[in-house]
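Notes to accompany the following structure.
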Amino acid sequence: MRPLAIDFAPHTARSLWYRLPRSVLLLLVVSLVMSLVAGWNMLALAQQTAQVQEALAMVGEQDNAPVEKVRPSAAPEVTPTQAVSVNTAIKKLNVPWEELLDSLEEAANPKVALLELRPDTVSRQLLGVAEASNSDAMFAYVHNLKRQPMLTTAHLISHQVSEQDRNKPIRFEFTATWREFQP
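Offset between the sequence shown (1-based) and the working numbering: plus 1261.
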């Protein structure tokens, strides 16, 4: 037989409390705990907001403080010696490498290997060291350098045959003067 739910107690708030199912009671307890945690977080955020507003107020006060105007200092006088050394350094840095390398590439010969380049910016001269498989290739390379529009002159300075190497390549030095370059 099934149990009968007979309740003769009057319907008051206290009796209602005892009649609630356990799941509803659990839900009420969880809701109460969540409300307490949310209240605690809200209190912490309110404190942080107050601190940030206080910091902003301090920054605002600092921004409103009178600012001392800084007077720019006069440029130092440049002596003629300093001007010459600065101009010399600028000339050394302003080698027209792209144009020079393009000229050297145009004059390239498969039988000649370019080994070293040293620019002299004061005299606008390029000193180079190369190695050729034979004397005809060496002379052809120097002749091709003379025909380049960026270079005004090209001269063979010295050459030497490498006797230790079985192919006996010719190592030679050349100089070439480049034109004044205006970008």
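Virtual Cβ for every residue (Gly too), placed ideally from N, Cα, C. Given the structure is predicted, the values throughout are model-derived calculations rather than measurements.
Relative to GLN1421, the option among MET1295, ALA1393 and ASN1405 whose CA is nearest is ALA1393. Ranked by Cα distance from GLU1441, the first of SER1419, LYS1429, ASN1355 and VAL1390 is ASN1355. DSSP places HIS1416 inside the beta strand (DSSP E), whose first and last residues are 1412–1422. Pairing ARG1263 with SER1296, the inter-Cα distance amounts to about 41 angstroms.
Residue pairing for ASP1268: DSSP places it in no beta bridge. Ranked by Cα distance from ARG1385, the options VAL1347, ALA1305 and ALA1437 are led by ALA1437. Secondary structure note for ALA1274: its alpha helix (DSSP H) is the uninterrupted segment 1274–1280.
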